[in-house]
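For reference, the structure is listed below as structure tokens.
2 protein chains.
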Amino acid sequence: MPKNETIAQNEQEIQRTEAHLAGLEHAHPADGADVLEEMSLADQMIVVKGLDLEDAADVLAEMEKHDRAILMRSLSPDLAADILEQMSPDDAADVLDDLDDEHRQRLLKRVESVEAAEIESLMTFDPDTAGGVMNTEISVVDQNLTADQAITLIRRAAEESEIPYYAYIVDGEDKLVGVVSLRNLMLARPRKPLREMLENQQLVTATHDTDKEEVAHILRHYNFLALPIVDFEGRLLGIVTHDDVMDIIHEEASEDMLGMVGAGQDETVDTPWLRSVALRLPWLIVNIANSIVAALVVYHYEGTIAQITVLAVLMPMVANLAGNAGQQSLAVMIRQLAMEGWDPKRAWYAVWRETKIGVVNGLAMSILIFGGVLLLTSKPLLAGVMAVALGLDMIVGNASGAMFPIILKILGRDPAQASSIFVTTVTDTMGFFLFLGLASLFLL
Amino acid sequence: MPKNETIAQNEQEIQRTEAHLAGLEHAHPADGADVLEEMSLADQMIVVKGLDLEDAADVLAEMEKHDRAILMRSLSPDLAADILEQMSPDDAADVLDDLDDEHRQRLLKRVESVEAAEIESLMTFDPDTAGGVMNTEISVVDQNLTADQAITLIRRAAEESEIPYYAYIVDGEDKLVGVVSLRNLMLARPRKPLREMLENQQLVTATHDTDKEEVAHILRHYNFLALPIVDFEGRLLGIVTHDDVMDIIHEEASEDMLGMVGAGQDETVDTPWLRSVALRLPWLIVNIANSIVAALVVYHYEGTIAQITVLAVLMPMVANLAGNAGQQSLAVMIRQLAMEGWDPKRAWYAVWRETKIGVVNGLAMSILIFGGVLLLTSKPLLAGVMAVALGLDMIVGNASGAMFPIILKILGRDPAQASSIFVTTVTDTMGFFLFLGLASLFLL
Chain A
-5 MPKNETIAQN
5 EQEIQRTEAH
15 LAGLEHAHPA
25 DGADVLEEMS
35 LADQMIVVKG
45 LDLEDAADVL
55 AEMEKHDRAI
65 LMRSLSPDLA
75 ADILEQMSPD
85 DAADVLDDLD
95 DEHRQRLLKR
105 VESVEAAEIE
115 SLMTFDPDTA
125 GGVMNTEISV
135 VDQNLTADQA
145 ITLIRRAAEE
155 SEIPYYAYIV
165 DGEDKLVGVV
175 SLRNLMLARP
185 RKPLREMLEN
195 QQLVTATHDT
205 DKEEVAHILR
215 HYNFLALPIV
225 DFEGRLLGIV
235 THDDVMDIIH
245 EEASEDMLGM
255 VGAGQDETVD
265 TPWLRSVALR
275 LPWLIVNIAN
285 SIVAALVVYH
295 YEGTIAQITV
305 LAVLMPMVAN
315 LAGNAGQQSL
325 AVMIRQLAME
335 GWDPKRAWYA
345 VWRETKIGVV
355 NGLAMSILIF
365 GGVLLLTSKP
375 LLAGVMAVAL
385 GLDMIVGNAS
395 GAMFPIILKI
405 LGRDPAQASS
415 IFVTTVTDTM
425 GFFLFLGLAS
435 LFLL
Chain B
-5 MPKNETIAQN
5 EQEIQRTEAH
15 LAGLEHAHPA
25 DGADVLEEMS
35 LADQMIVVKG
45 LDLEDAADVL
55 AEMEKHDRAI
65 LMRSLSPDLA
75 ADILEQMSPD
85 DAADVLDDLD
95 DEHRQRLLKR
105 VESVEAAEIE
115 SLMTFDPDTA
125 GGVMNTEISV
135 VDQNLTADQA
145 ITLIRRAAEE
155 SEIPYYAYIV
165 DGEDKLVGVV
175 SLRNLMLARP
185 RKPLREMLEN
195 QQLVTATHDT
205 DKEEVAHILR
215 HYNFLALPIV
225 DFEGRLLGIV
235 THDDVMDIIH
245 EEASEDMLGM
255 VGAGQDETVD
265 TPWLRSVALR
275 LPWLIVNIAN
285 SIVAALVVYH
295 YEGTIAQITV
305 LAVLMPMVAN
315 LAGNAGQQSL
325 AVMIRQLAME
335 GWDPKRAWYA
345 VWRETKIGVV
355 NGLAMSILIF
365 GGVLLLTSKP
375 LLAGVMAVAL
385 GLDMIVGNAS
395 GAMFPIILKI
405 LGRDPAQASS
415 IFVTTVTDTM
425 GFFLFLGLAS
435 LFLL
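Protein chains in written order, with our numbering: chain A, -5 to 438; chain B, -5 to 438.
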């Protein structure tokens, strides 16, 4: 390439980079992250090197995991470590969580020792628990201070604090004894001891090992901005904030929906496609095994089908409609467990409720199908067999759709996982059995 | 009943009620609502009459819609109106939304006229838009005031304010010009005019007609506590807060999952079961129509099945497995649209991605099925026909699962609604056509 062109190209690149930088420096970090994600890795590296460390940390904290991990691996370890130091320790822990062990150690070695220790201690918590999602940058105030002294402390710490509107009050042993809002501090008599402000306060907390979905449930129930997380002795460890909870609720819902049909629970359009193949294929193979059960029932009645081939025409309708009814029941049940948590009384009430719905919907569909088949074939016995098989299989569908998540829950499994596949197996098998069995009895 | 027993019973009831009241008065309103929901209607009425109006308003605001509507209809209109007056106008509007027109008018007539006007104006907004979910109790401050004056105003208004940590700054025409946090006000020079604090501030707002899911998307993107809602002239109308958004995210996710299988989008275990029947039956009937399409294909090949009945055994497996693959693709796509909103470029990229996944998973399943059928039947041609039909139908499933939500979106419909039913129709129909068609060509 001639030298002039190279220079021109470099200049163009510098200009372009500067334009990017200008945009990113004034943008909200979440927007900056979106812009960065659209760029090539080479451009991302130029831009991140050009940003000051604090801006780079803010933008990287908002980036999509997968893109961020690639970028972190590509940056020089010194720069990457400097950026990590500027992040809040919980964000830094999340970033490191996505890297392989070798890279993680290389970066942690370069991070200042106090910060590195805090990041490492956060990384010991299970990412699906309160400890794994909590933030540690909070205003902690001793209960023996006055309102006035607390305000001064909060003002000083506000820059660093995740929720700069609350002070967490602890006793001499770091045990959490209460939460006071900035507003209440401002309204209080300046010399009033904090201890007096906590009388009658009902403190809601969760321990670090609480499932993160349970934390989301508590925070949403009380409309809190943040929930304090404590260890088993009641010592304050951190807080889970409203924005963490939004992400948890969002993930949880996607997990249920994707899990139900046997896709990867954290799959998105950005999941590398071969990884999606690997996530889904095992459940499709499980589904082969399940389908074989239904196929064996049909095989058993092969002779009946040979004599009355119209059975093969109508048979898939029974299975399809009852399967649909089962999935309706299943979806309501999975959401129920996600929203309210596990309550055996409610769960069995739900099974009973779904069974009633199955009876009425089954009856309605039976009548429709009876009329339709009679009209088309003029064979009342065939229409009757189809109607009875469909009605019964729909009841089976509704009941098993409601029961399956409960069974998984009792077994300690995720109530959504591949449940659609198993419920469909039940409705297919029962549908073929009822339809072909009744046909063998009454039509041959 | 002897008189003494009646008295004893009344006393017992009063004691019980007092116990309930004691529990409710000290409980968080969200917990109070849970306790109330467990009681009989008669007990609910006694307790609500016993609570002071403000507590009653707080608890009712947290109650489940359906139970609340029944309770509101049962209370005397004067008491119900008094409770409404104590609620924030947006909560009152939500409560009235669930009542029939007659009850609503009867209560509104009894509410103080200024409050009634505000509630009625909120009720004119579509409940699915920003206007329908926004809160109106906010601290609004003129831009010509100083930091010091603003603090005084916020402190005074804090009791009433939904988010007592922000002041919304307006110009002389009530147009929103900026947002300032209590913290920044406290850190500012007391005499500093607010106008100067707004320089370089990038104001993010939404208009009242913005879809509430879009509002949730914006708030989650920026991790805001609240998003200001303005009219088309930029005048401040209210805010949507983090706790509203949590509910929106939660509902949205449930709606997607329930909608996908043709259940009622707001169904829960607490939906009256006959209402669930009414919500689901129409989609089951649509599914009959869809199933007929697949049945017609089988009917067309009845002669082939009569000659080779094993086709009837294997045929449902093709449809079932491809249907499962289609639902996996569908679930990923629906969540994608819910999470990122509509972006044609991303959407078509997703279709391409799913098609590739379909090709690889289809190939893998074809090989497995070929081996399995060959082993069981020793008929290589039959195994080949089954493998090719399954592989092709799985590609159809993945592609149509990704495309269907996009088509609904382009048609201006909800991308989830009954999509599972339609995608299954496609995979059933194509599966039967490919399998029986190829069998007719190669096996007869």
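Where a beta carbon is used, it is the ideal one built from N, C-alpha and C, also for glycine. What you are looking at is a predicted structure, and each value in this text was computed from that prediction instead of being measured.
- Ranked by Cα distance from B/THR140, the first of B/ALA111, B/MET309, B/ARG183, B/GLU245 is B/ARG183.
- DSSP places B/PRO409 outside both helix and strand once states are collapsed to three, so it counts as coil.
- Contact annotation: A/MET117 and A/LEU90 have beta-carbon atoms nearer than 8 Å.
- Not one beta carbon of chain A lies nearer than 8 Å to the beta carbon of B/GLN143.
- Non-local beta-carbon contacts of A/VAL239 in its own chain, meaning distances under 6 Å to residues more than five positions away in sequence, involve ALA210, LEU213 in chain order.
- Just measuring C-alpha positions, the residue of B/LEU73, B/ARG150, B/VAL134, B/PRO310 sitting nearest B/ARG100 is B/LEU73.
- For B/GLU261, the nearest CB of chain A lies under 8 Å from its own CB, placing it at the interface with that chain.
- When DSSP states are grouped into helix, strand and coil, B/ALA144 belongs to the helix group.
- Contact fails between the segment 340 to 358 of chain A and the segment 425 to 432 of chain A, because fewer than three Cβ pairs, one in each stretch, are under 8 Å apart.
- Going by DSSP, A/VAL42 is part of the alpha helix (DSSP H) stretching over 35 to 44.
- Distance from the CA of B/VAL367 to the CA of A/ALA289, rounded to the nearest whole angstrom, comes to 12 Å.
- When the five nearest sequence neighbours on each side are left out, the beta carbons in the same chain lying within less than 8 Å of the beta carbon of A/ASN178 are those of MET191, in order along the chain.
- Closer than 8 Å to the CB of B/GLN80 there is not a single CB belonging to chain A.
- Taking the C-beta atoms as reference points, A/ILE113 is found nearer than 8 Å to A/ALA86.
- Relative to the Cα of B/THR130, the nearest Cα in the group B/SER115, B/ASP136, B/SER413 belongs to B/SER115.
- In the DSSP assignment, A/TYR159 falls outside any alpha helix (DSSP H), carrying neither H nor E.
- DSSP lists A/THR235 as the beta-bridge partner residues of A/ALA220.
- Using beta-carbon distances, B/SER434 does not count as an interface residue toward chain A, since no partner is under 8 Å.
- Closest in C-alpha terms to B/GLY391, from the list B/LEU402, B/GLY166, B/VAL379, B/THR418, comes B/THR418.
- Beta-bridge annotation (DSSP): B/LEU230 is paired with B/VAL224.
- In the three-state scheme derived from DSSP, where H, G and I count as helix and E and B as strand, B/VAL198 is classed as coil.
- Judged by DSSP in its simplified three-state form, A/LEU170 adopts strand.
- A direct Cα-Cα distance of roughly 46 Å separates A/GLY232 from B/LEU102.
- Across the segment 212 to 240 of chain B, CB contacts with chain A closer than 9 Å involve LEU213, ARG214, HIS215, TYR216, ASN217, PHE218, LEU219, THR235, HIS236, ASP237, VAL239, MET240, in sequence order along the chain.
- Around the beta carbon of A/GLY317, 16 or more other beta carbons sit within 10 angstroms, so the residue counts as buried.
- With a threshold of 16 other beta carbon atoms within 10 Å, B/SER34 falls short and is exposed.
- Here the alpha carbon of B/GLN195 sits roughly 7 Å from the alpha carbon of B/GLY172.
- In the DSSP secondary-structure assignment, B/ILE163 is bridged to B/VAL135, B/GLY172.
- Secondary structure note for A/TRP346: its alpha helix (DSSP H) is the uninterrupted segment 338 to 371.
- Under the Cβ distance rule, B/TYR162 does not count among the residues neighbouring chain A, no pair being separated by less than 8 Å.
- By the C-beta density criterion, B/THR146 is exposed, having fewer than 16 other C-beta atoms within 10 angstroms.
- For A/SER82, the number of other beta carbons within 10 angstroms of its own is at least 16, and it is reported as buried.
- Taking C-beta separations shorter than 7 Å and ignoring five residues to either side along the sequence, the partners of A/LEU437 in its chain run ILE302, LEU375, LEU376, VAL379, following chain order.
- Distance between B/GLU31 and A/HIS60, taken at the CA atoms: about 45 Å.
- About 30 Å separates the beta carbon of A/GLU167 from that of A/GLU207, a gap too long to meet the 8 Å contact definition.
- The residues ALA144, LEU147, ALA161, ILE163, in chain order, have a CB closer than 6 Å to that of A/VAL135 in the same chain once the five nearest residues on each side in sequence are set aside.
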